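Counting the sequence shown from 1 gives a position; our numbering is that position plus 709.
The beta carbon of each residue, even a glycine, is placed where N, CA and C say it ideally should be.
These numbers come from a predicted model, not from an experiment.
What follows is one structure encoded as structure tokens, with my remarks underneath.
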Amino acid sequence: MAELLWSPSKERIDNALLTDFRHTVEREHGRTLADYDALWEWSVSDPGAFWRSVWDF
């Protein structure tokens, strides 16, 4: 397994545009997406809703 070279701080994650998008998706779709992996899983399981959300965001 490769060594992790860098990880963003909690503050940086909290202030990221991707985090804002994740919260918007949660609100608009009534879902709980705990992290990036959950957002990715939703994006590949429902690509139509994902791309509409990207467009609207």
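If you count every other CB in all the chains shown that lies within 10 Å of the CB of residue i, and 16 or more means buried, which is it?
i, result
"R731", "buried"
"V734", "buried"
"W751", "buried"
Quick check on DSSP: helix, strand or coil for residue i?
i, result
"G757", "helix"
"D765", "helix"
"D729", "helix"
"W751", "helix"
"E712", "coil"
"R736", "helix"
Please go through the same chain and pick out, in chain order, the residues whose beta-carbon is closer than 8 Å to the beta-carbon of residue i, but skip the five residues on each side of it.
i, result
"V763", "F730"
"A725", "P717"
For residue i and residue j, which I take to be in contact (beta-carbon distance under 8 Å), what is that distance rounded to the nearest angstrom?
i, j, result
"H738", "A758", "7 Å"
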